[in-house]
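Below: the structure, in structure tokens.
Numbering (the numbering used here), first residue to last: 5 to 288.
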């Protein structure tokens, strides 16, 4: 009988221990589940900053301060005509320059409005190499006009060709329009540009004077009011900076008339210019 009481006591103690162990295990697994849930919440919490960045109005958008540096390679053409006309005299001098910009650099500073448009001031400077052709005509002196000789001293031509260097300076105002606002679109960063201002081109060359049989440095100035059209695309590589390419066409014109002395006398200077370029740029 005593053995049965001891056996029953041991059995009850064993069952109680088993129950306690099971409760601890359940608590342990329950704690793991809670920890796992907390980990998921932590991951979800960490994903919030990504959404915050995407909602940032300055994230990959032109807003506030605008800065762009552009390097352009292109083909340019300048023409200049000087005409003297009176009742007793007529002369006309023509200069034509064709060459390549290698390269031209421009800095743009301004402001951007809501990633829709940017307004800027532009300052540019560049260098190019090409050919300058001169053509002179004087009704009175004709063959006695020294510049009608070519570099070999022949008198059978009135046109001279010179290897020349173009030093270019630009001052202007411009705007860019960003028509695509969907950042998921492959066309996001597409822009249209328009600029207006003044260009000054100094064409430097070595001129041959057949009368004195010597060569000397000479320069001709070309002044133009310009209008530039541009189309391009920016590719964003950080929150505020982008790398872009653009195609542009620039047309220039300017006319100066001088009638200050005699009503029968007229001195006119007429300038035209055309430039086609490919630009590479970094923009903020």
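We put the beta carbon where it would ideally sit given N, CA and C, even for glycine.
Anyone know if the C-beta pair for residue i and residue j falls short of 8 angstroms?
| i | j | result |
| --- | --- | --- |
| residue 1 | residue 274 | As shown, the chain starts at 5 and ends at 288. That puts residue 1 outside it, with no answer to give. |
| residue 136 | residue 125 | no |
| residue 111 | residue 73 | yes |
| residue 134 | residue 168 | yes |
| residue 198 | residue 178 | yes |
| residue 180 | residue 242 | no |
| residue 280 | residue 78 | yes |
Taking the alpha-carbon of residue i as reference, which of the options has the nearest alpha-carbon?
| i | options | result |
| --- | --- | --- |
| residue 69 | 271, 257, 245 and 280 | 245 |
| residue 80 | 178, 207, 288 and 241 | 207 |
| residue 232 | 276, 201, 242 and 133 | 201 |
| residue 128 | 89, 105 and 235 | 105 |
| residue 63 | 85, 110, 218 and 185 | 185 |
| residue 87 | 140, 198, 276 and 209 | 140 |
| residue 258 | 176, 101 and 230 | 230 |
| residue 211 | 77, 173, 131 and 223 | 223 |
| residue 116 | 182, 236, 242 and 228 | 182 |
| residue 205 | 170, 190 and 166 | 170 |
| residue 225 | 238, 95, 209 and 176 | 209 |
| residue 119 | 83, 260, 271 and 192 | 192 |
| residue 221 | 178, 179 and 166 | 166 |
| residue 188 | 178, 85, 240 and 103 | 240 |
| residue 276 | 237, 236, 227 and 243 | 227 |
| residue 84 | 101, 196, 71 and 78 | 101 |
| residue 174 | 61, 98, 108 and 280 | 108 |
| residue 96 | 219, 59 and 272 | 272 |
| residue 2 | 196, 237 and 163 | One cannot answer for residue 2 here, as it falls past the ends of the chain, which runs 5 to 288. |
| residue 203 | 172, 196 and 60 | 172 |
| residue 164 | 132, 196 and 98 | 98 |
| residue 66 | 195, 138, 82 and 89 | 195 |
| residue 82 | 261, 103 and 234 | 103 |
For the beta strand (DSSP E) containing residue i, name the first residue and the last one.
| i | result |
| --- | --- |
| residue 168 | 163 to 181 |
Does the distance between the C-beta of residue i and the nearest non-hydrogen atom of the ligand COA fall short of 7 angstroms?
| i | result |
| --- | --- |
| residue 101 | This structure lacks the ligand COA, and indeed carries no ligand of any kind. |
**At least 3 beta-carbon pairs within less than 8 angstroms: the segment 245 to 255 vs the segment 280 to 288** = yes
**Message:** Report the start-end ranges of each alpha helix (DSSP H) in the segment 218 to 271 that is 4 residues or longer and not cut off at the edges.
**Reply:** none
**Request:** Only counting runs of 3 or more residues, tell me where the beta strand (DSSP E) segments fall wholly within the segment 63 to 113, in order along the chain.
**Result:** 68 to 89
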